[in-house]
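Residue numbers (full-length UniProt numbering): 1 to 360. All C-beta atoms, glycine included, are put in the ideal place defined by N, C-alpha and C. Just so you know, these numbers come straight off a predicted model, no measurement behind them. Reviewing the structure listed below.
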């Protein structure tokens, strides 16, 4: 069994959870406490010291805040092992992509998407306050904490591509691909070569919401051209100002090019659950509210894209309109029960206690 030593503890490697370009993640046993942790082992510390120091700096900043309150993964400690940097994190269960895969990519019910959305938006709001862009929001980087005990409690992980934004807008001359990755979730301003801010993360999360609802990616482009094509076919052309300012616009567009457009509104009637007929209007209303939020998040213009703090007050998250119009429906009842369960989870109450509490 491979053993790693920090200044304060000893870790026994139990399993390899995943491997990537820059290293691997191992499940380890922490001898001092007897708990399992996840250790991210980053290769070639000296060669990539700039990137790794940036990631560590951001993790230290996040570590000064309550990781459970703001839904960030918790970093316990870090240490060097020869030329490798080892980051010791809390052990989480599985990411949303793995969860969907385990369930044959079946659509996640709207009420659970709301639960996930509220948590991720809270995390993004905090990152905005700290002038930090995550830059790699995707299902793989949103992890379930312990689904059986805390249903749909999630945390944001992997700040390896995160960047501080000292000013409201950053220049692409300073931060360029491949730091901004995951093509399916890449914002239009990145694709076109425009200045960007943390609003790129909101776009990415909007794509994630749709993917959870559909069971497949909204814009699965095979390359950047294909990615732009998908976006334009669904949402239309970006504004002329954006097209004329983008340093990469010429790679995708010619003047007077005409496209056939569809619409995000098509999402409103997909995957309606089979509740009694009297309940259909309530469920349809809730789904329309979700799509309304998605459309505000997926605004092609980042300056007009809804911000996380405003999104948290949207009717889909608060359920105010659902309560006003459909308070006496079974659909509202199960939705509010889900929301109450999540509030108890945030208080640290397990699902076993929740069942007793709700039934009282």
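Rounded to whole angstroms, residue 210 and residue 13 show a C-alpha spacing of 37 angstroms. Sequence-distant partners of residue 76 (beyond 5 residues in either direction) whose C-beta falls short of 6 angstroms from its own C-beta, in its chain, are 88.
Residue pairing for residue 11: DSSP places it in a beta bridge opposite 4, 30.
Counting along the chain, residue 81 sits inside no alpha helix (DSSP H); it lies in the beta strand (DSSP E) bounded by residues 75-81. A residue is called buried once 16 or more other Cβ atoms fall within 10 Å of its Cβ, and residue 343, having fewer, is exposed. Annotated three-state conformation of residue 247 is coil, per DSSP.
Within a 10 Å sphere around the beta-carbon of residue 19 sit fewer than 16 other beta-carbons, which makes this residue exposed.
Excluding five sequence positions before and after residue 110, the CB atoms of its chain that fall closer than 6 angstroms to its own CB belong to 286, 287, 290, given in chain order.
With the rule of 3 Cβ pairs closer than 8 angstroms, the segment 325-341 does not count as touching the segment 218-225.
With contacts defined as CB atoms closer than 8 angstroms, residue 118 and residue 312 qualify as a contacting pair. Judged by DSSP secondary structure, residue 207 falls within the alpha helix (DSSP H) whose first and last residues are 199-214. Spatial neighbours of residue 214 in its own chain (CB-CB distance under 8 angstroms, excluding positions within 5 residues in sequence) are listed in chain order as 107, 267, 270, 271.
Here the alpha carbon of residue 301 sits roughly 18 angstroms from the alpha carbon of residue 124. Proximity to residue 8 across 65, 104, 80 peaks at 80, based on C-alpha coordinates.
Short of 6 angstroms from the beta carbon of residue 158, and not among the five residues preceding or following it, lie these beta carbons of its own chain, in chain order: 141.
In the three-state reduction of the DSSP assignment, residue 293 falls in the helix class, which pools H, G and I. Residues of the same chain with their beta carbon placed closer than 6 angstroms to that of residue 303 are lacking, with the five preceding and five following residues left out of the count. For residue 40, DSSP records a beta bridge to 25, 87.
Counting the other CB atoms within 10 Å of its CB gives residue 134 a total of 16 or more, which places it among the buried residues. DSSP places residue 191 inside the alpha helix (DSSP H), whose first and last residues are 188-192.
Nearest Cα to residue 151 within the set 94, 293, 329: 94. If you ignore the 5 residues before and after residue 3, its C-beta comes within less than 8 angstroms of the C-beta of 10, 11, 12, 13, all in its own chain and listed in chain order. For the pair residue 139 and residue 192, the CB atoms are not nearer than the 8 angstroms cut-off.
For residue 97, there is no enclosing beta strand (DSSP E); the residue is found in the alpha helix (DSSP H) stretching over 96-102.
Beta-bridge annotation (DSSP): residue 61 is not paired with any residue.
Looking at the DSSP output, residue 150 bridges to 146.
Residue 156 has 72, 142 as its beta-bridge partners, per DSSP. For residue 19, the three-state secondary structure derived from DSSP is strand. When only Cα atoms are considered, residue 128 and residue 120 end up about 12 angstroms apart.
With a cutoff of 8 angstroms on beta-carbon distance, residue 145 and residue 92 are scored as near each other. In this structure, the CA atom of residue 293 is about 15 angstroms from the CA atom of residue 201. Residue pairing by DSSP leaves residue 106 without any beta bridge partner. Approximately 7 angstroms separates the beta-carbon atoms of residue 165 and residue 132; this is inside 8 angstroms, confirming the contact.
Annotation: residue 53 to residue 73 spans about 18 angstroms, alpha carbon to alpha carbon. Within 10 angstroms of the beta-carbon of residue 114 lie 16 or more other beta-carbons, which makes it buried. Sixteen is the threshold: since fewer than 16 other Cβ atoms of the shown chains lie within 10 Å of the Cβ of residue 251, the residue is exposed.
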